[in-house]
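Chains as they are written, first to last, in this note's numbering: chain R, 1 to 112; chain V, 1001 to 1117. Even glycine gets a Cβ: it sits at the ideal position worked out from N, Cα and C. Predicted model, so just to flag it, every value in this text is computed and none were measured.
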């Protein structure tokens, strides 16, 4: 079945550092890809999405490019802030159905 | 409010009891989803409604889990004879339309944290 794999473990970095969170996927079709973010005490929010190969999703300084050849959708931000501290989930939605398949998530902690 | 509302926020029950979790989707949203999120894991799909029709219940872990959306708006997830492994956060999400190829995003509620003692 469809699945998403995120890199293991929390990510701790200093303010203004470069952030990368790896995400790879397995799908039988051509899925849409998403990054969701969960800030402390809040619900899941859509951060960005891409619906076809080579699309780049971007929002709030975050970017991710849909790479069909490497089945990846890595999340990047050039200069993180303390307010970016949250849990980040990669997800896919196969075009054969509407449901989302999520990765395990990565806790990101940004230190001042 | 404008978002997806879930109640209660927290529910504690003894093993064997029945529980009911409520979801109020965004007004006018056709699609409604339930997910289960275990501690330290990503959400896992449970079931999907398009209006009042339950089109996919393949993620429900056992026949103790039952969901309904009788008038195509509010939905209830019921768990009968709860077990400790049912302890999780239950998330509800809604999206505007029901087209399979739609790009409409899913909007999530804050979830109900269920603890089975």
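For residue i, which residues in chain R fall below 7 Å Cβ to Cβ?
i: residue 1075 of chain V; result: Result: empty, since nearest Cβ-Cβ is about 15 Å, beyond 7 Å.
Quick one: grab the DSSP three-state call for residue i.
i: residue 1084 of chain V; result: helix
i: residue 1031 of chain V; result: strand
i: residue 83 of chain R; result: helix
i: residue 1075 of chain V; result: strand
i: residue 57 of chain R; result: strand
i: residue 99 of chain R; result: coil
i: residue 1036 of chain V; result: strand
i: residue 1024 of chain V; result: strand
When you compare the CB positions of residue i and residue j, do they come within less than 8 Å of one another, or not?
i: residue 73 of chain R; j: residue 47 of chain R; result: no
i: residue 1029 of chain V; j: residue 1087 of chain V; result: no
i: residue 23 of chain R; j: residue 4 of chain R; result: yes
i: residue 108 of chain R; j: residue 85 of chain R; result: yes
Might you give, ordered along the chain, the residues of its own chain that have their beta carbon closer than 6 Å to the beta carbon of residue i, omitting 5 neighbours on each side?
i: residue 44 of chain R; result: 36 and 38
i: residue 1104 of chain V; result: 1095, 1096 and 1097
i: residue 71 of chain R; result: 24 and 25
Identify, in the order they occur along the chain, each residue of the same chain with its Cβ nearer than 7 Å to the Cβ of residue i, setting aside the five sequence neighbours on each side.
i: residue 1017 of chain V; result: 1082
i: residue 49 of chain R; result: 32, 33, 34 and 57
Please list the partners that residue i has in chain R, where partner means a Cβ-to-Cβ separation under 8 Å.
i: residue 1043 of chain V; result: 44, 89, 100 and 102
i: residue 1105 of chain V; result: 34, 46 and 49
i: residue 1109 of chain V; result: 43
Count the other C-beta atoms from every protein chain shown that fall within 10 angstroms of the C-beta of residue i, then say buried if there are 16 or more, exposed otherwise.
i: residue 81 of chain R; result: exposed
i: residue 1075 of chain V; result: buried
i: residue 30 of chain R; result: exposed
i: residue 1043 of chain V; result: buried
Could you tell me which chain R residues have their CB closer than 9 Å to the CB of residue i, listed as they occur along the chain?
i: residue 1033 of chain V; result: 98, 99 and 100
i: residue 1091 of chain V; result: 43 and 44
Taking Cβ-Cβ distances shorter than 9 Å, what residues in chain V pair up with residue i?
i: residue 77 of chain R; result: Those do not exist, as residue 77 of chain R stays about 20 Å from chain V at its closest Cβ, beyond 9 Å.
Between residue i and the rest of its own chain, which residues show a CB-CB distance below 8 Å, the 5 nearest in sequence each way excluded?
i: residue 20 of chain R; result: 74, 75 and 76
i: residue 1011 of chain V; result: 1019, 1021, 1112, 1113, 1114 and 1115
Name the chain V residues whose beta carbon is nearer than 7 Å to that of residue i?
i: residue 105 of chain R; result: 1042
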